[in-house]
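Take a look at the structure set out below.
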Amino acid sequence: MSQDFLPFTRPSIDEQTIGAVGEVLRSGWITSGPQVREFEAQLSAYCGGRPVRAMSSATGAMEIGLALADVGPGDEVITSPLSWVATANVIVRAGARPVFVDVDPLTRNMDPALIEGALSPRTRMLLPVDLAGLPVDRDRLYAIAREHNLRVLEDAAQSIGSSWGGQRIGATGDLISISFHANKNITTGEGGCLVLNDAEEAKRCELWRLQGVERLADGGLDATLAGGKHNLTDIAACIGVGQLRRLEEFTLRRRALVRRYFERFDRSLGCQLPLEDFEHSNWHMFQIVLPAHIERADFIRAMHAAGIGVGVHYPAIHLLSFYRGMGFRPGEFPHAERIGRGIATLPLFPAMTERDVDRVCAQSARILQQP
């Protein structure tokens, strides 16, 4: 791959953070320890003082969130069909059944107007997804949850730095899972966290996070539940501390680049651009939906040949083989299916320049205008 290849994303890790990771490696304490505690403290401060527990992945955070809400066999969880497949997988792994509702064609998030029609006596939880960092309407979502006495687990994997009602995502609400995967707005390489409601819930989260083990005063231990292994390392947490320090800088830069996209992208090409929301979104991704007559694979190949990376986030979950095996069929969620067929993620990351955006827009136009 040439040096001028423009990927669809790339993390920005400064020399200060790289040096700090070296100090952690030299310290001899590289698994969960003081850096994890520091990262959790800073995340808690960011989330308005709420308890936060760091995880090895946001998938693990969602699994624990479901366990904390006692979601299990026979239960149903309402979620979006337009997300990374982990959103539905964690529901299945808990023994429950995902109940999909179609997305709003403008926001591409689960349509709150369709939630109540999907409720049943078995519904235990709502699991909304903030696609590309644009938050689901929290006011409508939580009004439904309160009316029907449902827990909410926010799949906010992509939305750190976003806000709703003037409050940061993570500062309000029920359980919130955030990702720090390599392609997220801030990263720990791999990792995530779960924002919790109180100290008692945080203690239970710690048990689920590491084998259900409680340390005893005499040096022994007890295991009180069948927990897993979801702890974050100090190496990863050290990266997270450095990244969190730059979150506002990254968010402002992303917004500036997206404004450039909206200015320069040729709207006559027939692509559906994302909702132009600079109040709530952190602009985790800039995603277009290609016209129906354009083969996405051809577009991606042509862009790649021109030195530009394009991602696909995401195909509709219910059309994947495993979920078809559960009885889901094409045509059930037409908006998600249409978007999932044509969605393409264009390059967006803080180190990009305005010239990079111009290049992406110009190359997209050249490819899409070809007969």
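The letter at position 359 of the sequence shown is residue 357 when you use the numbering used here, and the numbering goes up by one with no holes. Just so it is clear, CB atoms sit at the ideal spot from N, CA and C, and this is done for glycine as well.
Within 9 angstroms, strictly: CB atoms of residue i and residue j
i	j	result
residue 29	residue 75	no
residue 248	residue 348	yes
residue 317	residue 338	yes
residue 130	residue 82	no
residue 233	residue 59	no
residue 45	residue 150	no
residue 255	residue 355	yes
residue 62	residue 203	yes
residue 140	residue 102	no
residue 98	residue 326	yes
residue 110	residue 142	yes
residue 191	residue 52	yes
residue 36	residue 239	yes
residue 321	residue 96	yes
residue 370	residue 329	It is not possible to answer for residue 370, since the shown part of the chain is limited to -1 through 369.
residue 64	residue 199	no
residue 264	residue 362	yes
residue 299	residue 310	no
residue 54	residue 189	yes
residue 251	residue 359	no
residue 185	residue 179	yes
residue 57	residue 125	no
residue 219	residue 205	no
DSSP-derived helix/strand/coil call for residue i
i	result
residue 96	strand
residue 277	coil
residue 161	strand
residue 248	helix
residue 121	strand
residue 67	coil
residue 340	helix
residue 333	helix
residue 42	helix
residue 169	coil
residue 52	strand
Residue burial classification, residue i (beta-carbon count within 10 angstroms, cutoff 16)
i	result
residue 84	buried
residue 183	buried
residue 357	buried
residue 369	exposed
residue 165	exposed
residue 108	buried
residue 26	exposed
residue 241	buried
residue 351	exposed
residue 364	exposed
residue 49	buried
residue 258	buried
residue 207	buried
residue 33	buried
Opening and closing residue of the beta strand (DSSP E) in which residue i lies
i	result
residue 361	Element bounds for residue 361: not the beta strand (DSSP E) but the alpha helix (DSSP H), 352 to 366.
residue 77	74 to 77
residue 150	149 to 153
residue 11	No beta strand (DSSP E) holds residue 11; DSSP gives it neither H nor E.
residue 212	211 to 213
residue 207	Run containing residue 207: none in the beta strand (DSSP E); it sits in the alpha helix (DSSP H), 197 to 207.
residue 230	First-last for residue 230: undefined, no H or E at that position.
residue 305	Element bounds for residue 305: n/a, residue is neither H nor E.
Spatial neighbours of residue i in its chain, beta-carbon cut-off 7 angstroms, leaving aside the 5 residues before and after
i	result
residue 231	28, 29, 30
residue 221	209, 210, 211
residue 253	276, 281
residue 286	269, 270, 271, 342, 344
residue 312	80, 81, 82, 338
residue 133	157, 160, 162, 167, 278
residue 5	307, 345
residue 227	208, 209
6 angstroms Cβ shell around residue i - same chain, five flanking residues per side excluded
i	result
residue 136	162
residue 8	347
residue 333	100, 101, 103
Range of the contiguous alpha helix (DSSP H) that encloses residue i
i	result
residue 269	Counting along the chain, residue 269 falls outside any alpha helix (DSSP H), and DSSP gives it neither H nor E.
residue 86	84 to 91
residue 220	Run containing residue 220: none in the alpha helix (DSSP H); it sits in the beta strand (DSSP E), 219 to 221.
residue 139	136 to 145
residue 319	319 to 322
residue 285	That residue, residue 285, is in no alpha helix (DSSP H); its beta strand (DSSP E) goes 284 to 287.
residue 115	113 to 116
Residues near residue i in its chain [Cβ-Cβ closer than 8 angstroms; skip 5 each side]
i	result
residue 370	The displayed coordinates of the chain run from -1 to 369. Any statement about residue 370 would go beyond what the structure contains.
residue 128	107, 134, 152, 153, 154, 155, 156, 157, 160, 167
residue 225	205, 206, 207, 208, 209, 210, 211
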